[in-house]
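The block underneath contains the structure these notes are about, expressed in structure tokens.
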Amino acid sequence: MVKKVIVEAMINGDPVELLCEPRQSLLEVLRDELDMTGSKEGCLTGDCGACTVLVDGRPVCSCLMLGVEAAGKSVTTIEGLATGATLHILQQKFLEHASLQCGICTPGFLMSAKALLDHNPNPTEADIRYALAGNLCRCTGYDKIVKAVIDAAKHVADGVGTSHHGKVPRKSTAEATRDLLKGQEVK
Amino acid sequence: MHAINYESPKTVADAVKLLAAHGEKARPLVGGTDLIIQLRAGTRRPEYVVDVKHIPEMSRISFSMQHGLHLGAAVPCIEIYENADMRRYYPGLTEAAHLIGSLQIQSRASVGGNLCNGSPAGDATPALIALGAKARVVGPKGERTVPVETFITAPGRTVLQPGELLVELLIDAPAKHSSDAYLRFIPRNEMDIAVVGVGAALTLDLADDRVVDARIALGAVGPTPIFAAEASKSLVGKKLDAAAIENAGRLATSVATPIDDMRGTAEFRRHIVGVLTRRVLTIAADRARQNEQR
Numbered sequence: 002m003v004k005k006v007i008v009e010a011m012i013n014g015d016p017v018e019l020l021c022e023p024r025q026s027l028l029e030v031l032r033d034e035l036d037m038t039g040s041k042e043g044c045l046t047g048d049c050g051a052c053t054v055l056v057d058g059r060p061v062c063s064c065l066m067l068g069v070e071a072a073g074k075s076v077t078t079i080e081g082l083a084t085g086a087t088l089h090i091l092q093q094k095f096l097e098h099a100s101l102q103c104g105i106c107t108p109g110f111l112m113s114a115k116a117l118l119d120h121n122p123n124p125t126e127a128d129i130r131y132a133l134a135g136n137l138c139r140c141t142g143y144d145k146i147v148k149a150v151i152d153a154a155k156h157v158a159d160g161v162g163t164s165h166h167g168k169v170p171r172k173s174t175a176e177a178t179r180d181l182l183k184g185q186e187v188k
Numbered sequence: 003m004h005a006i007n008y009e010s011p012k013t014v015a016d017a018v019k020l021l022a023a024h025g026e027k028a029r030p031l032v033g034g035t036d037l038i039i040q041l042r043a044g045t046r047r048p049e050y051v052v053d054v055k056h057i058p059e060m061s062r063i064s065f066s067m068q069h070g071l072h073l074g075a076a077v078p079c080i081e082i083y084e085n086a087d088m089r090r091y092y093p094g095l096t097e098a099a100h101l102i103g104s105l106q107i108q109s110r111a112s113v114g115g116n117l118c119n120g121s122p123a124g125d126a127t128p129a130l131i132a133l134g135a136k137a138r139v140v141g142p143k144g145e146r147t148v149p150v151e152t153f154i155t156a157p158g159r160t161v162l163q164p165g166e167l168l169v170e171l172l173i174d175a176p177a178k179h180s181s182d183a184y185l186r187f188i189p190r191n192e193m194d195i196a197v198v199g200v201g202a203a204l205t206l207d208l209a210d211d212r213v214v215d216a217r218i219a220l221g222a223v224g225p226t227p228i229f230a231a232e233a234s235k236s237l238v239g240k241k242l243d244a245a246a247i248e249n250a251g252r253l254a255t256s257v258a259t260p261i262d263d264m265r266g267t268a269e270f271r272r273h274i275v276g277v278l279t280r281r282v283l284t285i286a287a288d289r290a291r292q293n294e295q296r
């Protein structure tokens, strides 16, 4: 009989202790154990990138990582991108450029784009297309996504709306998610 | 996915103990980009998954002109191309690591794992063979080194015996005026499996413009990656002119045993072996001429 194991990790800046089975992927742990359903399940083979999260700052497919492997790591998910009701510049630009239609791929694209801008604040279009090559979108044709990332990078470079992390006191993931949902309510 | 036990030993000795105790029921885990897919599909059903990423000697890149390169089998591809020594001294292996899947995959997948998966189409393997890399394997009966060209024995199969672990890949420091290159053919720009891959490493004597040493390796054109021994030997002592390059391409083509599949016909693949062999030799030679190290 396989026992459940305790995993301690930082998730979106909060220390989290959770119980999971070794066979559960990080994606299953996020969605089914922590009710963080922002990361999407697409192909389960590492082709589509819908489940992309950052682990110690690097983009990974959470479907191809075991939850137990997150022990001692820092995981950033789509739920950690906005600060309260303030969208991350990438989220804002995705809305402005209409870079999403059905939305399933969007969390993965945003996390891959965040990994890129954190690493390289002045990417070329080729850099952006390369960094997003592991994310598939069947709606937009990619162009609007690339334009949004170019625009977001420009704002980061100009110092407008740079990543607000560190400037605003962090809220817990749950609080931030709640606030975000409140801010997005359809009137 | 079936139930598994997860272990994360901190030393090679502990990992080998676990692998030896559970034999065929255990499988090492590095990036999981092949293994987790196999677990989910049920094509591999180990009861024990042994995560070897917490073993320091498997997770480091150590390079010096004196000792050459020790590339830990658990080093993710992204750390290879972020490493200045790797980019400078082993550009071919670095470009192969940069071609394996997306950034998400490269953040996890390792060259060692790519080799142990035993695919004939793995991008890193021809680059390793070209560099004359040796695999340092530790098992319950001690350790041994295996030339990478003999490591994969059949599709998905390697020389590793139950209990044995690939710890690191050993590559000599580059000689003066030497370098390497890797190219693959895929029908798109990114994110595909090689239709053909060719790696080459060259050492030149610039004084009389001759080849001192050459190694050419082919991927995806046989049941295992292929060391093109005759093509390699044909260049040694020769001037690297168009005729010598053409001849090496022809000899490399003659050892390819590709199959027809959805990625390409055998005839097309043989043709591409010649094209890529000529191109990698030209790139490796240009790089070697500029490499003044040592």
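Going down the list, the sequences are from chains A and B.
For reference, each letter of the first sequence is one residue, going 2 to 188 in my numbering.
For reference, each letter of the second sequence is one residue, going 3 to 296 in my numbering.
Just so it is clear, CB atoms sit at the ideal spot from N, CA and C, and this is done for glycine as well.
Keep in mind it's a predicted model, so treat the numbers as computed, not measured.
Which word fits residue i, buried or exposed, when buried means at least 16 other C-beta atoms lie within 10 angstroms of its C-beta?
{"i": "Val147/A", "result": "buried"}
{"i": "Cys49/A", "result": "buried"}
{"i": "Asp53/B", "result": "buried"}
{"i": "Ser64/B", "result": "exposed"}
{"i": "Val56/A", "result": "buried"}
{"i": "Ala177/A", "result": "For Ala177/A, the predicted structure reports a pLDDT of 44, less than 50, and the residue's modelled location is therefore unreliable. A value from the coordinates is still provided. That one is buried."}
{"i": "Arg159/B", "result": "exposed"}
{"i": "Glu103/A", "result": "For clarity, residue 103/A is Cys in the given sequence; the question names Glu instead. So Cys103/A counts as exposed."}
{"i": "Asp211/B", "result": "exposed"}
{"i": "Gly58/A", "result": "exposed"}
{"i": "Glu81/B", "result": "buried"}
{"i": "Met60/B", "result": "buried"}
Quick one: is residue i near chain A, going by C-beta distance under 7 Å?
{"i": "Ser61/B", "result": "no"}
{"i": "Ala5/B", "result": "yes"}
{"i": "Lys12/B", "result": "no"}
{"i": "Met264/B", "result": "no"}
{"i": "Gly224/B", "result": "no"}
{"i": "Leu278/B", "result": "no"}
Does any residue of chain B bring its CB to less than 7 Å from the CB of residue i?
{"i": "Val30/A", "result": "no"}
{"i": "Gly50/A", "result": "yes"}
{"i": "Cys103/A", "result": "no"}
{"i": "Arg171/A", "result": "In this predicted model, Arg171/A has a pLDDT of only 43, less than 50, meaning its place in the structure is not dependable; the value taken from the coordinates is given anyway. Closer than 7 Å: no."}
{"i": "Pro16/A", "result": "no"}
{"i": "Ala132/A", "result": "yes"}
{"i": "Gly167/A", "result": "Only weak support exists for where Gly167/A lies, its pLDDT of 36 falling under 50; the value from the coordinates is given anyway. No, Gly167/A does not count as interfacial toward chain B."}
{"i": "Val69/A", "result": "yes"}
{"i": "Ser164/A", "result": "In this predicted model, Ser164/A has a pLDDT of only 48, less than 50, meaning its place in the structure is not dependable; the value taken from the coordinates is given anyway. No, no contact with chain B."}
{"i": "Arg139/A", "result": "no"}
Can you give me the start and stop residues for the beta strand (DSSP E) that residue i sits inside?
{"i": "Tyr83/B", "result": "Premise fails: Tyr83/B lies in the alpha helix (DSSP H), 79-83, not in any beta strand (DSSP E)."}
{"i": "Asp182/B", "result": "180-187"}
{"i": "Lys136/B", "result": "136-141"}
{"i": "Ala65/B", "result": "The identity of residue 65/B in the sequence shown is Phe, whereas the question assumes Ala. Run containing Phe65/B: 63-66, per the beta strand (DSSP E) assignment."}
{"i": "Met11/A", "result": "6-12"}
{"i": "Ser75/A", "result": "75-77"}
{"i": "Leu220/B", "result": "212-221"}
Helix, strand or coil for residue i per DSSP?
{"i": "Ala34/B", "result": "With the sequence shown as reference, residue 34/B is identified as Gly, and Ala is not the correct amino acid for it. Coil at Gly34/B, not helix or strand."}
{"i": "Leu31/A", "result": "helix"}
{"i": "Lys155/A", "result": "helix"}
{"i": "His69/B", "result": "coil"}
{"i": "Gly58/A", "result": "coil"}
{"i": "Lys235/B", "result": "helix"}
{"i": "Arg24/A", "result": "coil"}
Looking at the secondary structure, which residues open and close the alpha helix (DSSP H) in which residue i lies?
{"i": "Cys118/B", "result": "113-119"}
{"i": "Pro128/B", "result": "126-132"}
{"i": "Thr96/B", "result": "93-99"}
{"i": "Asp48/A", "result": "From DSSP, Asp48/A is part of no alpha helix (DSSP H); its letter is neither H nor E."}
{"i": "Arg146/B", "result": "Careful: Arg146/B lies outside any alpha helix (DSSP H), inside the beta strand (DSSP E) at 144-149."}
{"i": "Tyr131/A", "result": "126-132"}
{"i": "Pro108/A", "result": "107-120"}
Among residues of its own chain, excluding the 5 on either side of residue i, which ones have a beta-carbon nearer than 6 Å to its beta-carbon?
{"i": "Tyr184/B", "result": "Gly94, Glu97, Ala98, Ala129, Gly201"}
{"i": "Thr226/B", "result": "Pro122, Ile154"}
{"i": "Gly73/A", "result": "none"}
{"i": "Glu232/B", "result": "Leu253"}
{"i": "Leu45/A", "result": "Cys64"}
Keeping to the same chain, check which residues put their C-beta closer than 8 Å to that of residue i; ignore five residues upstream and five downstream.
{"i": "Asn7/B", "result": "Glu49, Tyr50, Val51"}
Near residue i, which residues of its chain fall below 7 Å by C-beta distance, leaving aside the five closest residues on each side in sequence?
{"i": "Gly165/B", "result": "Val18, Leu21, Ala22, Gly25, Gly141, Pro142"}
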